[in-house]
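Data first, discussion second: the structure below is written as structure tokens.
Numbering (the numbering used here), first residue to last: 1 to 243.
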């Protein structure tokens, strides 16, 4: 557990925070992002942290060097150039609504907690298989976790379609011609097609038999999220019919 002051200092102070604190923050935030792998993100940030720590160690402590008044100021060792690190990858737009809360409450908090626990169990199960060890959690529990996670992510995508339908319904009140009505009708049909395609895809959740099936469906669902989000952006645009 990290106190709010330590978390605040990690994001605002110029000094490099301890890796233990960085690891906790990266793991916690990655678990809040759908389809993100906390283990992969932790390894990526660990490499960045080690590079920053190595660069920090090369900066001399000027306060500890005795200053001789017989030497000109130019004899002092100049500080090294500022460290430039590659910025982390930008998360998908669908994850921007997730923010770090010091004391989350309510039903949403417990749903997110259950989701994180499922992700951790699946990761532990996968690591046990990679080490040729007997998993601590039985396969039937892991399969249920996988199914529920896929359904949760599918429900989020369904919510996008539902909100898009509501936005298109608002445009109906502004139509002034039969041509505009036909355009909006075509948009509703496109949303119906997307929802039917998603429902058909999610039926595969019940056929997941292992980690490989789960990863395949997870990546496929992510691709659908990107495609559907792009289509929705076009479908909810206001009508612009030339007179």
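All C-beta atoms in this analysis are idealised placements derived from N, C-alpha and C, irrespective of residue type, glycine included.
- Around the beta carbon of residue 125, 16 or more other beta carbons lie within 10 angstroms, which makes this residue buried.
- Using a C-beta cut-off of 8 Å, the region 177-189 makes no contact with the region 109-117, since fewer than three inter-stretch Cβ pairs fall below that distance.
- Rounded to whole angstroms, the gap between the alpha carbons of residue 16 and residue 51 is 11 Å.
- With the rule of 3 Cβ pairs closer than 8 Å, the region 158-171 does not count as touching the region 127-144.
- Of the residues 55, 32, 25 and 111, the one whose Cα lies closest to the Cα of residue 45 is 25.
- Proximity to residue 205 across 174, 147, 134 and 181 peaks at 147, based on C-alpha coordinates.
- The beta carbons of residue 175 and residue 184 sit about 6 Å from each other, so the pair counts as a contact at 8 Å.
- Taking all protein chains shown into account, residue 164 has 16 or more neighbouring C-beta atoms within 10 Å of its C-beta and is therefore buried.
- Sequence-distant Cβ neighbours of residue 41 in its own chain, meaning closer than 7 Å and more than five residues away, are 26 and 30.
- Burial of residue 228 is indicated by the presence of at least 16 other C-beta atoms within 10 angstroms of its C-beta.
- For the options 123, 231 and 219, the alpha carbon positioned closest to that of residue 141 is the one of 123.
- Our two residues, residue 33 and residue 222, have alpha carbons roughly 12 Å apart in a direct line.
- Sixteen is the threshold: since fewer than 16 other Cβ atoms of the shown chains lie within 10 Å of the Cβ of residue 139, the residue is exposed.
- Non-local C-beta neighbours of residue 211 in its own chain, meaning closer than 6 Å and more than five positions away in sequence, comprise 126, ordered along the chain.
- A direct Cα-Cα distance of roughly 52 Å separates residue 20 from residue 239.
- Using a 10 angstroms sphere on the CB of residue 111, the tally of other CB atoms stays under 16, which defines it as exposed.
- Secondary structure of residue 44 (DSSP, three-state): helix.
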